[in-house]
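> Structure provided below as structure tokens; questions to follow.
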Ligand SMILES: Cc1cc2nc3c(=O)[nH]c(=O)nc-3n(C[C@H](O)[C@H](O)[C@H](O)COP(=O)(O)OP(=O)(O)OC[C@H]3O[C@@H](n4cnc5c(N)ncnc54)[C@H](O)[C@@H]3O)c2cc1C
């Protein structure tokens, strides 16, 4: 089998895609803009650790070294990914410092007349720029695998009232994307002895406000402030009442949530509406009670209005940095809620109430526009084929945009362990490209992709993200069936029903 495949990106997803394609004897090359593997893990805050426990963020065929802590540091994640790439000889297939500027599907949008002769059997032309070279070059492939990542590269900024944007501020404003590119010395220099305001309430914001607090201990120390609009449920560890969260990926737990295609006319739909719905409510309340009684959320005005169950299903539950609320209690971190209409003034931030917060440095941990990156590479003509009017990108099996042939999009399905979803997607894609998985007609793929997307919709507020926490097992089942595997991966019925599912259950 000699299909030629271009994988864009050498983060977790791209590495994994390459490993699986090579395993199927498929010829492939990975184009990576940076000078090394790892994607988001290369440039991140000094204090960033994995928030998914190590065992859930583990390749099925390559284990973490013995003695690695349960929540490895980003350096350890980088070492692990590099070792994986070396072990499976993925490293030698990567062209580093090679930025993909644009891709063209030859069926529909041929490149400019000046471009070189198109290679036989090619479906995609990929325009790349290597290192400092000013001239772009075209490469040709049969298949394209986009694994450019969801986080990083394209920052998302809040909008500000007129004349109250960052230009009005006399201090320094930066996005967490730029902060994460600073080395440890530069980030310390930026934050030390400064009044720092961190905007946001997700993982990066919590990590960063903690870093700012750590840089500001001592006599000239200033409390670091977290300015947030919507608090999300946070956890201090991965269990509720002693039950590990990993159990949410057991078959019994997944039954609690309506699965794609279960409407009220089906038995599961009926059971879900009549029995499971109150049960979900009760479980969610019990989880909230646990968090409210174990963490000082009320005291710090950090109680979300959303149900914890919804946050879990939409991948928004966030692990707190160690001793976060201890630092808040000691006054090293302050938490300030705001509505949308805050803005900048010369010496800080002005809230909608008119209150002012003095600041020297403001870091915006306001997220990324992952889908914009994908769309800009694919070009305008693809937008209608890829993205729906509501902004969502339906993907068959979480991988194939039904109307764009010979293209796989990996890493756009979020879950409790993004490595798990990346590996499942990479494995399925390799089978598909190797001709070992048949896909139905475009119309059927669209219908199926839509069915799965609708299922996650009630839990997903931001349209660009597809969190599959609630359907991860169902999706894995479908992929297994496509690949001719038995979807029941456990050794006994008891385990099949109650034991958590993870990567290791899908070892080839
Ligand atoms: C701070 C942080 C903490 C996280 N913690 C967790 C966690 O605990 N658990 C979890 O499951 N997930 C976590 N994630 C999510 C994380 O994104 C995934 O785990 C995973 O690393 C994503 O890998 P990826 O390969 O899909 O994307 P990325 O890591 O973003 O890799 C994409 C790669 O594509 C390259 N690229 C992009 N555009 C181009 C181009 N035009 N040309 C060439 N190359 C290009 C980039 O340089 C990059 O190397 C975290 C993310 C962040 C930012």
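Residue numbers (our numbering): 152 to 659.
Virtual Cβ for every residue (Gly too), placed ideally from N, Cα, C.
Computed from a prediction, not measured in an experiment: that's the story for all the values here.
Decide if the stretch 618–638 is in contact with the stretch 328–347; the criterion is three or more beta carbon pairs, one per stretch, under 8 Å apart.
Taking 8 Å as the limit for Cβ pairs, the verdict is that the stretch 328–347 does not touch the stretch 618–638.
> For residue 191, I'd like the list of residues in its chain whose CB is within less than 7 Å of its CB, leaving aside the five on either flank, ordered along the chain.
For this step, residue 191 is matched to residue 40 along the chain shown. For residue 191, where only same-chain residues beyond five positions count, the Cβ hits under 7 Å are 162, 300, 302 and 303.
> Look at the alpha carbon of residue 281 and the alpha carbon of residue 248, and state the distance between them as a whole number of angstroms.
In the chain shown, residue 281 corresponds to position 130, counting from 1. In the chain shown, residue 248 corresponds to position 97, counting from 1. Spanning the two alpha carbons is a distance of roughly 6 Å.
> Where DSSP assigns a beta bridge to residue 545, which residues make up the other side?
Reading the chain shown from its first residue, position 394 is the one you call residue 545. According to DSSP, which records beta bridges pairwise, residue 545 is partnered with nothing at all.
> Assuming residue 485 is part of the beta strand (DSSP E), what are its boundary residues?
Within the chain shown, the letter at position 334 stands for residue 485. Start and end: 484–488.
> Specify, as a first and last residue, the run of the beta strand (DSSP E) that residue 294 falls within.
For this step, residue 294 is matched to residue 143 along the chain shown. Element bounds for residue 294: 294–297.
> Does residue 503 pass the burial test, meaning 16 or more other C-beta atoms within 10 Å, or should it be called exposed?
Taking the first residue of the chain shown as 1, we reach residue 503 at position 352. So residue 503 counts as exposed.
> Which runs of the beta strand (DSSP E) fall wholly inside the stretch 452–531 and span at least 3 residues, in chain order?
Complete beta strand (DSSP E) runs here, min 3: 484–488, 494–496, 499–501, 507–509 and 512–515.
> Spatial neighbours of residue 155 within its chain, please: CB distance less than 6 Å, with the 5 preceding and 5 following residues excluded, ordered by chain position.
The residue given as residue 155 occupies position 4 in the chain shown. Only 178, 292 and 293 meet the Cβ criterion.
> According to the neighbour-count rule (16 or more other Cβ atoms, all chains shown, within 10 Å of its Cβ), is residue 243 buried or exposed?
The residue labelled residue 243 in the question sits at position 92 within the chain shown. Counting Cβ neighbours within 10 Å, residue 243 comes out exposed, since fewer than 16 surround it.
> Tell me, to the nearest whole angstrom, how far the beta carbon of residue 551 is from that of residue 596; I am working on the premise that it is less than 8 Å.
Numbered from its first residue, the chain shown carries residue 551 at position 400. Numbered from its first residue, the chain shown carries residue 596 at position 445. Contact flag correct, Cβ pair sits at about 7 Å.
> Do residue 251 and residue 159 have their CB atoms nearer than 7 Å?
Along the chain shown, read from residue 1 onward, the residue named residue 251 stands at position 100. Along the chain shown, read from residue 1 onward, the residue named residue 159 stands at position 8. Their beta carbons are under 7 Å apart, which means residue 251 touches residue 159 by this criterion.
> Does the stretch 209–229 come close enough to the stretch 490–505 to have 3 or more Cβ pairs within less than 8 Å?
Not touching, per the Cβ criterion.
> Name the DSSP beta bridge partners of residue 438, please?
In the chain shown, counting from the first residue as 1, residue 438 sits at position 287. Bridge partners of residue 438: none, in fact.
> In chain order, what residues of the same chain lie with their CB nearer than 7 Å to the CB of residue 534, ignoring the 5 residues before and after it?
Walking along the chain shown from the start, residue 534 turns up at place 383. So the qualifying residues of the chain are 526.
> Exposed or buried, what is residue 429 when buried is set at 16 or more other beta-carbons lying within 10 Å of its beta-carbon?
The count along the chain shown starts at 1 and reaches residue 429 at position 278. Flag for residue 429 reads exposed.
> Within 6 Å: the Cβ of residue 185 and any heavy atom of ligand 1?
As a first step, residue 185 is located in the chain shown; it is residue number 34 there, counting from the start. Yes, the Cβ of residue 185 comes within 6 Å of a heavy atom of ligand 1.
> In angstroms, rounded to a whole number, what distance separates the CA positions of residue 489 and residue 382?
The residue you call residue 489 lines up with position 338 of the chain shown. The residue you call residue 382 lines up with position 231 of the chain shown. Between residue 489 and residue 382, the C-alpha separation is close to 10 Å.
> Cα separation between residue 636 and residue 579?
The residue given as residue 636 occupies position 485 in the chain shown. The residue given as residue 579 occupies position 428 in the chain shown. For residue 636 and residue 579, the distance between alpha carbons rounds to 11 Å.
> Alpha carbon to alpha carbon, how far is residue 554 from residue 431? Give it in angstroms, no decimals.
Working through the chain shown from its first residue, we reach residue 431 at position 280. Working through the chain shown from its first residue, we reach residue 554 at position 403. Computed Cα separation, rounded: 36 Å.
> If you draw a straight line from the C-alpha of residue 296 to the C-alpha of residue 549, how long is it?
Locating residue 296 in the chain shown gives position 145, where the first residue counts as 1. Locating residue 549 in the chain shown gives position 398, where the first residue counts as 1. When rounded, the distance between both Cα atoms is 13 Å.
> In this structure, does DSSP put residue 208 in helix, strand or coil?
The count along the chain shown starts at 1 and reaches residue 208 at position 57. In the structure shown, residue 208 sits in coil (DSSP, three-state: anything other than H, G, I, E or B).
> Within 7 Å of any Cβ in chain B, is that where the Cβ of residue 308 sits?
In the displayed structure, chain B is absent; only one protein chain is listed.
> Report buried or exposed for residue 642, applying the criterion of at least 16 other Cβ atoms within 10 angstroms of its Cβ.
As a working mapping, residue 642 is identified with position 491 in the chain shown. By the neighbour-count rule (16 or more Cβ atoms within 10 Å), residue 642 is not buried but exposed.
> With DSSP as the reference, label residue 387 as helix, strand or coil.
Here residue 387 is taken as the residue at index 236 of the chain shown, counted from 1. Residue 387: coil per DSSP, three-state reduction.
> Which ranges would you report for the alpha helix (DSSP H) in the stretch 296–358 if only whole runs of at least 4 residues count?
Whole alpha helix (DSSP H) segments, 4+ residues: 327–330 and 335–342.
> Quick one: using the 10 Å Cβ neighbour count with 16 as the cut-off for buried, is residue 165 buried or exposed?
The sequence position of residue 165 within the chain shown is 14, counting from 1. Buried is the call here.
> Out of 484, 405, 421 and 513, which one is the CA nearest neighbour of residue 464?
Here residue 464 refers to the residue found at position 313 when the chain shown is read from its first residue. Taking only the C-alpha atoms, the option nearest residue 464 is 405.
> Hey, residue 516 and residue 290: beta-carbon distance below 7 Å or not?
Counted from its first residue, the chain shown places residue 516 at position 365. Counted from its first residue, the chain shown places residue 290 at position 139. Not closer than 7 Å, so no.
> First and last residue of the alpha helix (DSSP H) that includes residue 572?
Within the chain shown, the letter at position 421 stands for residue 572. Element bounds for residue 572: 569–584.
> Taking the alpha carbon of residue 567 as the point to measure from, which residue in 632, 468 and 193 has its own alpha carbon closest?
As a first step, residue 567 must be located in the chain shown, where it is residue number 416. Checking every option, the nearest Cα to that of residue 567 belongs to 468.
> Assuming residue 426 is part of the beta strand (DSSP E), what are its boundary residues?
As a first step, residue 426 must be located in the chain shown, where it is residue number 275. No beta strand (DSSP E) contains residue 426, which DSSP labels as neither H nor E.
> Just the Cα atoms here: how many angstroms apart are residue 613 and residue 461?
In the chain shown, counting from the first residue as 1, residue 613 sits at position 462. In the chain shown, counting from the first residue as 1, residue 461 sits at position 310. No answer about residue 613 holds up, because its pLDDT of 49 lies below 50 and its placement is not dependable.
> Looking only at its chain, what residues have a beta carbon closer than 6 Å to the beta carbon of residue 582, apart from the 5 residues adjacent to it on each side?
Stepping through the chain shown from its first residue, residue 582 is reached at position 431. Result list for residue 582: 588 and 634, in chain order.
> Quick one: what's got a C-beta closer than 8 Å to residue 372's C-beta in the same chain, skipping five residues either side?
Indexing the chain shown from 1 puts residue 372 at position 221. Closer than 8 Å at Cβ, skipping near neighbours: 344 and 483.
> When you compare each of 180, 444 and 448 to residue 298 by their alpha carbons, which one comes out closest?
Position 147 of the chain shown, counting from 1, holds the residue named residue 298. Here the closest residue by C-alpha is 180.
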